[in-house]
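Trainee: I have a structure I would like to understand better, so I am pasting it below and will then ask my questions one at a time.
In structure tokens:
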């Protein structure tokens, strides 16, 4: 039977008034999948899908840099961000920091983790306001940017937590804008799919948005190079069940985007 983010007691038995059955086509012996009809007043997807015991909050930052300032921007980040990461007074960790290689050009992407959730984020923000080095960094950074945006994220319970890894690697950030109301369906399918994609250790982290652009999912992958990426992704199609996952998740997507990223020197994800 397919993996589900729900317990067996939550899956439809065929008689419940608040449940509906999605009869799926038969592919590779996969006969049917039962998805619970979500009542948003009782089943916030953040509660169903996230790692409650960890209480980790993530922030992803997208900085669009003036092309002529990219080298100076990278040097500025290398000089300041590692010191925040290493300071025990800040309950925050720099998970990874990259420049885009393919996709949106002249862009930097930073991923932070706050252990302790929103209180940890608030504590870090308040302390950074008193940090003269950081405030000077923000001032200088502002001169180099065309635009910036961020999102606050939670991690899917069925993905492994991102941990530092040796390099060299390239990273792919695949971002999906889902149709509102479909996040739990997405999680139900991917709880099964990640078992297939973990086999080559390419899966780094999976996240969904809480603040910023909503119903956004980010999947982060690591590969040796572009050829390795191509071979790994093609190999997934030879695994039983991958075709069904793709077939049933594509209709949930409104928009999707892929970035190939190169780690900065100070990135814990090399």
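In UniProt numbering, the protein residues as written are 1 to 270. For every residue, glycine included, the Cβ atom is placed at its ideal position computed from N, Cα and C.
Around the C-beta of residue 245, are 16 or more other C-beta atoms found within 10 angstroms, so that it is buried, or is it exposed?
Mentor: As a first step, residue 245 must be located in the chain shown, where it is residue number 245. Result: buried.
Trainee: Give the straight-line distance between the Cα atoms of residue 262 and residue 100, rounded to the nearest whole angstrom.
Mentor: For the purposes of this step, residue 262 is identified with residue 262 of the chain shown, where counting begins at 1. For the purposes of this step, residue 100 is identified with residue 100 of the chain shown, where counting begins at 1. In a straight line, the C-alpha of residue 262 is about 6 Å away from that of residue 100.
Trainee: Considering only the alpha carbon of each residue, which of 146, 169 and 194 lies closest to residue 226?
Mentor: Counting from one through the chain shown, the residue named residue 226 turns up at place 226. The shortest Cα separation from residue 226 among 146, 169 and 194 belongs to 169.
Trainee: Using a threshold of 8 Å, state whether the C-beta atoms of residue 151 and residue 213 are closer than that.
Mentor: In the chain shown, counting from the first residue as 1, residue 151 sits at position 151. In the chain shown, counting from the first residue as 1, residue 213 sits at position 213. Going by C-beta atoms, residue 151 is nearer than 8 Å to residue 213.
Trainee: For the structure I just gave you, are there three or more beta carbon pairs, one from the region 145 to 164 and one from the region 60 to 67, closer than 8 Å?
Mentor: Counting Cβ pairs under 8 Å, three or more are found: they touch.
Trainee: Determine the extent of the beta strand (DSSP E) in which residue 263 is found, giving its start and end residues.
Mentor: Working through the chain shown from its first residue, we reach residue 263 at position 263. Looking at the DSSP string, the run of the beta strand (DSSP E) that includes residue 263 is 253 to 263.
Trainee: What do you get for residue 79, buried or exposed, if any count of 16 or more other CB atoms within 10 angstroms of its CB means buried?
Mentor: Here residue 79 refers to the residue found at position 79 of the chain shown. That one is exposed.
Trainee: Kindly indicate which three-state DSSP category residue 163 falls into: helix, strand or coil?
Mentor: Residue numbering aside, residue 163 sits at position 163 when the chain shown is read from its first letter. Residue state, collapsed to three classes: coil.
Trainee: Looking only at C-alpha atoms, which of 114, 233, 176 and 167 sits nearest to residue 55?
Mentor: Residue mapping note: residue 55 aligns to position 55 of the chain shown, counting from 1. Answer by Cα proximity: 114.
Trainee: Taking C-beta to C-beta, are residue 162 and residue 116 nearer than 8 Å?
Mentor: Residue mapping note: residue 162 aligns to position 162 of the chain shown, counting from 1. Residue mapping note: residue 116 aligns to position 116 of the chain shown, counting from 1. No, Cβ-Cβ distance for residue 162 and residue 116 is not below 8 Å.
Trainee: Taking the continuous beta strand (DSSP E) assigned at residue 213, which residues delimit it?
Mentor: Numbered from 1 along the chain shown, position 213 holds the residue referred to as residue 213. Where residue 213 is concerned, there is no enclosing beta strand (DSSP E), given that its DSSP letter is neither H nor E.
Trainee: Are the CB atoms of residue 220 and residue 121 within a distance shorter than 8 Å?
Mentor: Reading the chain shown from its first residue, position 121 is the one you call residue 121. Reading the chain shown from its first residue, position 220 is the one you call residue 220. Going by C-beta atoms, residue 121 is not nearer than 8 Å to residue 220.
Trainee: Taking only the alpha-carbon atoms, compute the straight-line gap between residue 140 and residue 196 and give it to the nearest angstrom.
Mentor: Locating residue 140 in the chain shown gives position 140, where the first residue counts as 1. Locating residue 196 in the chain shown gives position 196, where the first residue counts as 1. Between residue 140 and residue 196, the C-alpha separation is close to 44 Å.
Trainee: Give me, in chain order, the residues of the same chain whose beta-carbon lies closer than 8 Å to that of residue 118; leave out the 5 immediate sequence neighbours on both sides.
Mentor: Numbered from 1 along the chain shown, position 118 holds the residue referred to as residue 118. So the list reads 57, once near-sequence residues are dropped.
Trainee: Could you check if residue 112 is buried or exposed, using at least 16 other CB atoms within 10 Å of its CB as the buried criterion?
Mentor: For the purposes of this step, residue 112 is taken as the residue at position 112 of the chain shown. Per the 10 Å Cβ criterion, buried.
Trainee: In three-state terms, what does DSSP make of residue 75?
Mentor: On the chain shown, position 75 is the one that residue 75 refers to. Correct three-state label for residue 75: helix.
Trainee: Starting from residue 126, trace the alpha helix (DSSP H) in both directions and tell me its first and last residue.
Mentor: The count along the chain shown starts at 1 and reaches residue 126 at position 126. Its alpha helix (DSSP H) spans residues 118 to 129.
Trainee: Please look up how many angstroms separate the CB atoms of residue 69 and residue 264, rounded, as I've assumed it's under 8 Å.
Mentor: Residue numbering aside, residue 69 sits at position 69 when the chain shown is read from its first letter. Residue numbering aside, residue 264 sits at position 264 when the chain shown is read from its first letter. 15 Å between Cβ atoms; not a contact.
Trainee: Exposed or buried, which one is residue 175 when buried takes at least 16 other CB atoms within 10 Å?
Mentor: Counting from one through the chain shown, the residue named residue 175 turns up at place 175. With 16 or more other Cβ atoms within 10 Å, it is buried.
Trainee: Less than 8 Å separating the beta-carbons of residue 323 and residue 171?
Mentor: Nothing about residue 323 can be reported from this structure: the residues present for the chain run from 1 to 270 only.
Trainee: With residue 232 and residue 202 assumed to form a contact (beta carbons below 8 Å), what rounded beta-carbon distance in angstroms separates them?
Mentor: Position 232 of the chain shown, counted from the start, is the residue given in the question as residue 232. Position 202 of the chain shown, counted from the start, is the residue given in the question as residue 202. That belief holds up - the Cβ atoms of residue 232 and residue 202 are roughly 6 Å apart, short of 8 Å.
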